[in-house]
Amino acid sequence: MSDKLGKVLCVDDEPSILRSLQWLLKKEFDVTIAASGQEALELLRQQDFDVIISDQRMPGMMGSEFLREARKIAPRSMRILLTGYSDLQAILRSVNDGEVFRFVNKPWNIKELPKIIADAATIARSHPGEAPLPDSEQGSELDTGEESILLIDDDPSMSQLISEAVGAEVKITQASTLAEAVAAFDDQNVGIILSDTRVANFDTTTMLKILKQEHPDIVTVVYTATADAVDVITLINQGQIFRFIPKPVRAVTLKQALMAAALKRRQLRASPSSAKRHAVERVADEAREHMFKTIQQSAASVAAGAGANLLRRIGGSFKRLFGQG
Numbered sequence: 085m086s087d088k089l090g091k092v093l094c095v096d097d098e099p100s101i102l103r104s105l106q107w108l109l110k111k112e113f114d115v116t117i118a119a120s121g122q123e124a125l126e127l128l129r130q131q132d133f134d135v136i137i138s139d140q141r142m143p144g145m146m147g148s149e150f151l152r153e154a155r156k157i158a159p160r161s162m163r164i165l166l167t168g169y170s171d172l173q174a175i176l177r178s179v180n181d182g183e184v185f186r187f188v189n190k191p192w193n194i195k196e197l198p199k200i201i202a203d204a205a206t207i208a209r210s211h212p213g214e215a216p217l218p219d220s221e222q223g224s225e226l227d228t229g230e231e232s233i234l235l236i237d238d239d240p241s242m243s244q245l246i247s248e249a250v251g252a253e254v255k256i257t258q259a260s261t262l263a264e265a266v267a268a269f270d271d272q273n274v275g276i277i278l279s280d281t282r283v284a285n286f287d288t289t290t291m292l293k294i295l296k297q298e299h300p301d302i303v304t305v306v307y308t309a310t311a312d313a314v315d316v317i318t319l320i321n322q323g324q325i326f327r328f329i330p331k332p333v334r335a336v337t338l339k340q341a342l343m344a345a346a347l348k349r350r351q352l353r354a355s356p357s358s359a360k361r362h363a364v365e366r367v368a369d370e371a372r373e374h375m376f377k378t379i380q381q382s383a384a385s386v387a388a389g390a391g392a393n394l395l396r397r398i399g400g401s402f403k404r405l406f407g408q409g
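Take 85 as the starting number for the sequence shown in the numbering used here and just add one per residue.
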């Protein structure tokens, strides 16, 4: 039996990159290389790999396209994309179609990349792969069971857009501030979060990252008008965002994302151990502290009486939601 940490498939059209990856990883991993997406897909049909590492910019089949197909053939394998910060559209496709475990920016850190791959291989070997979600049928209904979709947005039109997209019978709880979002968890059975990246002039992303860290079975869909590659990469690596939608949000796109999110939520609840496949990088303690203060400021910004009531409601939620009182 091999004493290596896992079987890794590296995919890149540049021989020098493949040589570098093989040199860096061969001591700890069983490494197989492929010079194209098509060659890699054929290898996936023949062999079982723990981790797939693909470059994004390849002729014929881009990395995001390859990982989408790889997920269908080898759902157990953890997927890592090597990319540059300029590849925003490719990154978005990888989030929405390939469900990558991590983005690694080129040039990679030679100390950090093996650690990321080792974590991914451990997860792949200890937790079952998830079957790819079925394509949502046009006209089918969204089913969230007894759970609620928590909408974090101060724009009242978004609640109306959700109702138009998925039907008025789906339970939607809207929070127009970060404090209201925290308080909603005491009042509602929340399974899916739909959020803008900025609400009432506050950044929501740190809260979303920490929520995923503490509650990996929550499924998060994010939308924004100001996305850049750095934002999306950190939301995946630290928050495992399930879907990312650029603004303006279209009803049909929203419905598809929420239906897929509902299926993913049921999948995670049916197999709790599979949530480990969505493990995230820990958010720095300083960022956590800043987020807690931001939520308190959010509550305090409400009218005096309502703010005091809101602070009381969120007081008991902090420890349960974020592991901190």
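Glycine residues also receive a C-beta, built at the ideal position from the N, C-alpha and C atoms. What you are looking at is a predicted structure, and each value in this text was computed from that prediction instead of being measured.
Checklist entry - When the Cβ atoms of the stretch 234 to 245 are set against those of the stretch 257 to 276, are three or more pairs found closer than 8 Å? => result Between the stretch 234 to 245 and the stretch 257 to 276, the count of C-beta pairs closer than 8 Å reaches three or more; the two stretches touch.
Next on the checklist: Residues in the same chain with beta-carbon distance under 7 Å from R334, minus the five sequence neighbours each way, listed in chain order, please.
Outcome noted: Close CB contacts of R334 within its chain, under the 7 Å cut and outside five residues either way in sequence, are absent.
Next on the checklist: For I136 and L105, which I take to be in contact (beta-carbon distance under 8 Å), what is that distance rounded to the nearest angstrom?
Outcome noted: The pair is not a contact, with the Cβ atoms about 12 Å apart (cut-off 8 Å).
Checklist entry - Using the rule of at least 16 other Cβ atoms within 10 Å of the residue's Cβ for burial, across every protein chain shown, is A362 buried or exposed? => result One point to set straight first is that residue 362 is His, not Ala, in the sequence displayed. By the neighbour-count criterion, in which a residue is buried when 16 or more other Cβ atoms sit within 10 angstroms of its Cβ, H362 is buried.
Checklist entry - Alpha carbon to alpha carbon, what distance is there between I201 and E365? => result Their Cα atoms are separated by approximately 13 Å.
Checklist entry - How is I201 classed by DSSP in three states: helix, strand or coil? => result Shown here, I201 sits in a helix according to DSSP, grouped into three states.
Next on the checklist: When you compare the stretch 89 to 106 with the stretch 175 to 186, are there three or more beta-carbon pairs, one atom per stretch, that lie closer than 8 Å?
Outcome noted: As far as the Cβ criterion goes, the stretch 89 to 106 does not touch the stretch 175 to 186, which means the pair count is below three.
Checklist entry - If we call anything under 7 Å between Cβ atoms a contact, is L342 one with V283? => result No, these two residues do not count as a Cβ contact at 7 Å.
Item to check | I329 vs Y307 beta-carbon contact at 7 Å | outcome: Yes; because the gap between Cβ atoms is below 7 Å, this pair is in contact.
Item to check | Identified DSSP bridge partners for T308 | outcome: The beta-bridge partner set that DSSP reports for T308 consists of P330.
Checklist entry - Around the Cβ of Q130, are there at least 16 other Cβ atoms within 10 angstroms (buried) or fewer (exposed)? => result Counting other Cβ atoms within 10 Å of its Cβ, Q130 stays below 16 and is therefore classed as exposed.
Checklist entry - Using the rule of at least 16 other Cβ atoms within 10 Å of the residue's Cβ for burial, across every protein chain shown, is S279 buried or exposed? => result By the Cβ neighbour-count rule, S279 is buried, with 16 or more other Cβ atoms within 10 Å of its own.
Checklist entry - Beta carbon of I460, beta carbon of V316: below 7 Å? => result In the structure as shown, the chain starts at 85 and stops at 409, and residue 460 therefore has no counterpart that could be examined.
Checklist entry - Once you ignore the five residues that flank Q272 on each side, which residues in its own chain have a CB closer than 6 Å to its CB? => result Same-chain partners within the cutoff: S232 and T257.
Checklist entry - So which of I302, R186 and L226 has the shortest CA-CA distance to L234? => result Taking only the C-alpha atoms, the option nearest L234 is I302.
Checklist entry - DSSP three-state call for I194: helix, strand or coil? => result In the structure shown, I194 sits in coil (DSSP, three-state: anything other than H, G, I, E or B).
Checklist entry - Taking the Cβ atom as the reference point for each residue, do F427 and I320 lie within a distance shorter than 7 Å? => result With the chain covering 85 to 409 only, the question about residue 427 has no answer from this structure.
Item to check | Contacting residues, own chain, Cβ-Cβ under 6 Å from F150 (five flanking each side not counted) | outcome: Closer than 6 Å at Cβ, skipping near neighbours: G121 and S138.
Checklist entry - Less than 7 Å separating the beta-carbons of D134 and R209? => result In this structure, D134 lies near R209, with their beta-carbon atoms less than 7 Å apart.
Item to check | G144 burial status per 10 Å Cβ neighbour count (16 or more: buried) | outcome: Here G144 is exposed: its Cβ has fewer than 16 other Cβ atoms, across all protein chains shown, within 10 Å.
Item to check | Bridge-paired residues (DSSP) for Q258 | outcome: For Q258, which the question treats as bridged, DSSP gives the partners L235.
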